[in-house]
Structures are given as structure tokens and as C-alpha cells.
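K.L.:
Its first residue numbered 1351, the sequence shown is counted upward by one per residue in this note's numbering.
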Amino acid sequence: MQKLETIIASLMTRGEQLATKRAMAQVALDKAITTRQQALLSGDLGDQRALDKLQASVDAAASALASIDDALVLLARQKTEAERQLGAERERIERASAGRASGCCGRDDRPLYAAAG
1351 MQKLETIIAS
1361 LMTRGEQLAT
1371 KRAMAQVALD
1381 KAITTRQQAL
1391 LSGDLGDQRA
1401 LDKLQASVDA
1411 AASALASIDD
1421 ALVLLARQKT
1431 EAERQLGAER
1441 ERIERASAGR
1451 ASGCCGRDDR
1461 PLYAAAG
């Protein structure tokens, strides 16, 4: 159970780090788009090399943002699965504790002791 708790904590930390990187990537994309728009609106439209460079910057920034988004989706799935496993483990422990407390059942749900007859 402690291993699952450690995994969940690690995934949460990684999620926070990725969220920070995502915010920075979004700023970079917004800046690249704005710069490209300015060039298209008021720059030299004959300078295809410069326009291609600006487009490449937008493409790279969009790709970086998309890769971080993909990682965040996968991380959320991993965290959900780890939390599900932790919940199942806790339920298993609670059932086992309740069974021992009542003197009821062993591992195979048979009584641990039988009434003398």
C-alpha cells in the first residue's frame, strides 16, 4: 500500500511539473503566433525565408505543447489507475481486518473455528 501511495505522490509531483512546462509552452506558442501574424500583416511578404522561419517556430511550439498535453493525459490515466489499485488494496485490508475481528473467516471465507456439536 505504501508503494502505491509513493507512486501516486510521485505522479502528482510530475503532474505539477508538467503543468508548469505546459504553461510555459503555451506562452511560447502564443508569442510565436503573434510574431507570425505581425509579419504577415506588416512585414515583407516577399521574404519567404523569414516567413518560413516564423511558421517553423509556430509549428515547433505547437508540437511541444501537444506533446506535453499528451503526457498529461497519460499521467492522469496512470494516477487514476494507481488510485484505483490503492482503493482496492484498502478495501481488501478492511475486509480482512473485519473478518479477523469477528473471528469469522480465513482467506477462503471458511470459518476459522467451528462450533463444537
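Yeah, the Cβ is synthetic: ideal placement off N, Cα and C, and Gly gets one too.
Using C-beta distances below 6 Å, list every residue in its chain close to I1357, excluding the 5 sequence neighbours before and after it, in chain order.
P.N.:
These residues qualify, in order along the chain: A1432.
K.L.:
So G1437 is in the alpha helix (DSSP H); what residue range does that whole segment cover?
P.N.:
Segment 1398 to 1452, the alpha helix (DSSP H) holding G1437.
K.L.:
Look up L1391 in the DSSP assignment and say whether it is helix, strand or coil.
P.N.:
Of the three classes helix, strand and coil, the one that applies to L1391 here is helix, per DSSP.
K.L.:
Helix, strand or coil for M1362 per DSSP?
P.N.:
Correct three-state label for M1362: helix.
K.L.:
What number of angstroms, rounded off, separates the C-alpha of G1365 from the C-alpha of D1394?
P.N.:
Cα to Cα, G1365 sits roughly 42 Å from D1394.
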